[in-house]
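Have a look at the structure below, then the notes.
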Amino acid sequence: MSTALTFLELTPPSRTVRVEFDGQPLDLPLGANLAAALMVAGVHTLRKTPVSGAPRGAFCMMGACFDCLVDIDGVTRQACMQQVTEGLVIRRTKTAGQNDAS
Amino acid sequence: MMQVDLIVIGAGPAGMAGARLAADAGLTVAILDEQHRAGGQIYRDVDIVASARGDILGKDYTDGLHLTRALAHDNIRHIAGATVWIIEEGTRVGYLQAGGAHVVTGKRILIATGALERPMPLPGWTLPGVMTAGAGQILLKQSGVLPAQAVLVGAGPLLYLIASQMVRAGHPPLALIETQTRAHSLRAARHLPNALRGWRYLVKGLSMIRTLRQAGVQRFTAASEIAVEGEGRAEAVSFTVSGKRHRLICQTVLLHHGVVPNTQMARALDIPHHWDAAQHCFVPKRDDWGRSPQTSVFLAGDGTGISGAKAAALEGQIAALDIATDLGAMAADQRDAQAAILRRAKSVELAARPFLDAAYPPFAGALAPADDTIICRCEEVRAGDIRACATLGCTGPNQTKAFSRAGMGPCQGRYCGLTVTELLAQANGKTYDETGAYRVRAPIKPVTLGELSKMTTQTNESERHD
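So the protein sequences, as listed, match chains X and U.
Heads up: the first sequence begins at 9 in our numbering, then just goes up one per residue.
Heads up: the second sequence begins at 11 in our numbering, then just goes up one per residue.
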């Protein structure tokens, strides 16, 4: 699937930092909106739903829909409300049947 | 604990303008906002973006600089990155910031939490690659990111605005699939004479449509039976126009059929709401100054009914005038004199609104989705599930919540509430007011126990505002 050009950046980032998404290293613009930076990097599915395992990506980009939930340092966060920082370790949230106490 | 005269929740146009007027009147103000920079969604990140992309986003966006810069005032403390999760006794606001929980108290609270996209449940609207048009605009504003060959679906001025911004950015959308019909235009025409007082909005609309025509962007109108198709992500949009089925291949679909007040915070305070038929949404009860029945709590901006950024700023100022008088910082005759000027300006801003509401109504297909369409994105509850609940005797959203889990997920009903009310009202033959809405309870946004455990309750010298 050609996802490379789905989202475009008007200006190239001045500085990128290394982060990890689900074990994959990615270089994202420092200080960028995490959900936006992941889209540009070609990551469109941020999680699978706990009910049916359906893929989901960012939807509202303003912290209202909670579709862009990711796991950062063991805490579930909205990717659209996070900024990219150096060394960020992002994981997909757990899906159906894997719910722990959190 | 920080103590101020006025707590403003939301640093969009209403909140910023209200905060500044209150500060000028001598009140101490704390303005809390979830984002890292002031501006709200309409002026998102304008302080740093205006110079980089102001030409693409237009003057209506860069105008926001007047408001963000006005927050630089000795009486105003802007608390950025702050998520409000609880309001107690109409005077105490709990918020999360940088992993910790804090409390601020104020004699008055101004809620200016703006609008949300009207939910647009269609087949396939949960697929990755489908976003709200507002999300597309936020990406462009904040991040300078835009989708290639996007398809825009729905109705309303925002659709034209983002489409023309994409044209100016050099990446026009593939097509607009619009849902308004000729019948809507005819019905809207009777509002045109009054709308002429707001002629600037009409001229802007025509100019945006011209931009799209010149760029050769395909437009379909009176579209129905719209569905997003794809395995694992959006791959195409199919729709019907004049009995003919169309299918456009695309990877990004931006949905929009209007915005609606974000009433989450007002609901959590048990402020009564009623149905606004013209705007097809619930609005909170407040008087001409924006004062709610809970007398320490005021409301302003699009969170009280959709009137746009300029009117929102005026409403914020009108509320701030009454708050200043309330707290003894302004004489009543001075308040009334200033308010008269602001109200005249507001009536001009509102003049085009009835025309726009009638010309670009919500998409009928999304107000009555097919049984197998997901309406609660979080819990994946379908329209048919809600209709089945109605058959079982459910009359309101709080009952269907318990029966179906719709509204029980992390978004707390923000993106299914209006749809559930709509479906129940239709199925039961009741009015929207009779059907009602979800009860909202704190936490208004999710809070972790770790954050709560770090709650600061001691008076912290560095946080005190004198």
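The C-beta atom is built at its ideal place from N, Cα and C for all residues, glycine as well.
Going by Cα to Cα distance, which pick from U:GLU44, U:ASP298, U:LEU171, U:ALA437 is closest to U:PRO183?
U:LEU171
In the structure shown, what three-state DSSP assignment does U:GLU235 receive?
strand
Quick test of your reading: U:VAL247 and U:CYS260, contact by CB under 8 Å. State the CB separation rounded to the nearest angstrom.
6 Å
Alpha helix (DSSP H) segment containing U:ILE558, residue limits:
Outside the shown range of chain U (11 to 476) lies residue 558 of chain U, about which nothing can therefore be said.
What does the alpha-carbon distance come out to for the pair U:ALA143 and U:LEU264?
5 Å
Output yes if chain U places a C-beta closer than 8 Å to the C-beta of X:PHE29; else output no.
no
Can you look up U:CYS386 in the DSSP assignment and give me helix, strand or coil?
strand
Using beta-carbon positions only, say whether X:VAL78 and X:ARG99 come within less than 8 Å of one another.
yes
Restricting to Cα atoms, I'd like to know which of X:LYS102, X:ALA43, X:LEU36 is closest to X:GLY61.
X:LYS102
Check the Cβ-Cβ distances between U:GLU44 and every residue of chain X, and say whether any is below 8 Å.
yes
Rounded distance between the beta-carbons of U:PRO271 and U:GLY315, thought under 8 Å:
6 Å
Neighbourhood of U:ILE66 by C-beta, 6 Å cutoff - its chain only, sequence neighbours within 5 removed
GLN175, ARG178, ALA179
Distance CB(X:VAL59)-CB(U:GLU241) smaller than 8 Å
no
U:ARG87: contacting residues in chain X (beta-carbon distance under 7 Å)
Neighbours of U:ARG87 on chain X: none; closest Cβ ~21 Å, over 7 Å.
When you check each C-beta in the stretch 47–66 of chain X against every C-beta of chain U, which residues fall closer than 8 Å?
MET47, VAL48, HIS52, THR53, LEU54, THR57, VAL59, SER60, ALA62, PRO63, ARG64, GLY65, ALA66
Short of 9 Å Cβ to Cβ, which residues in the stretch 87–106 of chain X face chain U?
CYS88, MET89, GLN91
Going by the DSSP bridge assignment, what does U:LEU490 pair with across the sheet?
Since the first residue of chain U shown is 11 and the last is 476, residue 490 of chain U is not available in this structure.
Label U:ASP55 either buried or exposed according to how many other C-beta atoms from any shown protein chain fall within 10 Å of its C-beta, with 16 as the threshold for buried.
buried
Give the residues from the stretch 143–156 of chain U that approach chain X closer than 9 Å (Cβ to any Cβ), ordered along the chain.
GLY144, ALA145, GLY146, GLN147, ILE148, LEU149, LEU150, GLN152, SER153, GLY154, VAL155, LEU156
Give the DSSP-derived three-state secondary structure of U:ARG474 in the structure shown.
Model confidence at U:ARG474 stands at a pLDDT of 44, short of 50, so the residue's coordinates are unreliable; what they give is reported in the following sentence. Reduced to three states, the DSSP call for U:ARG474 is coil.
Please name the residue or residues paired with U:LEU42 in a DSSP beta bridge.
U:ILE19, U:ILE89
Name, please, each residue of chain U whose Cβ falls closer than 9 Å to the Cβ of X:THR24.
Those within 9 Å of X:THR24 in chain U number zero; the least Cβ separation is about 14 Å.
DSSP on X:VAL48, reduced to helix/strand/coil?
helix
So, helix, strand or coil for X:THR19, using DSSP?
coil
Going by DSSP in three states, U:THR290 sits in which element: helix, strand or coil?
Note that residue 290 of chain U corresponds to His in the displayed sequence, not to Thr. Note: U:HIS290 maps to coil in three-state DSSP.
Delimiting residues of the beta strand (DSSP E) encompassing X:PRO37
32–37
Given this structure, state the Cα-to-Cα distance separating U:ASP547 from U:ALA122, to the nearest angstrom.
Look at the range of chain U in this structure, 11 to 476, and you will see that residue 547 of chain U is not part of it.
Listing by chain order, which chain U residues have their CB less than 7 Å from the CB of X:ASP75?
ARG387
On a CA-only basis, which of U:VAL155, U:ALA160, U:ILE187, U:GLY124 is nearest U:GLY139? Give me that one, please.
U:ALA160
Taking a Cβ distance cut-off of 9 Å, strictly less, list which residues of the stretch 335–359 of chain U are near chain X, in chain order.
none
Chain X partners of U:LEU126, CB-CB under 7 Å?
ALA72
Short check: CB of U:LYS117 to CB of U:THR93, under 8 Å?
no
Chain-ordered residues of the stretch 311–331 of chain U with a beta carbon less than 9 Å from chain X
none
Can you check DSSP and say which residues form a bridge with U:THR250?
U:SER234, U:ARG255
Where do the ends of the alpha helix (DSSP H) carrying U:ASP336 lie?
319–336
Taking the CB atoms as reference points, tell me whether U:GLY91 and U:GLY50 lie closer together than 8 Å.
no
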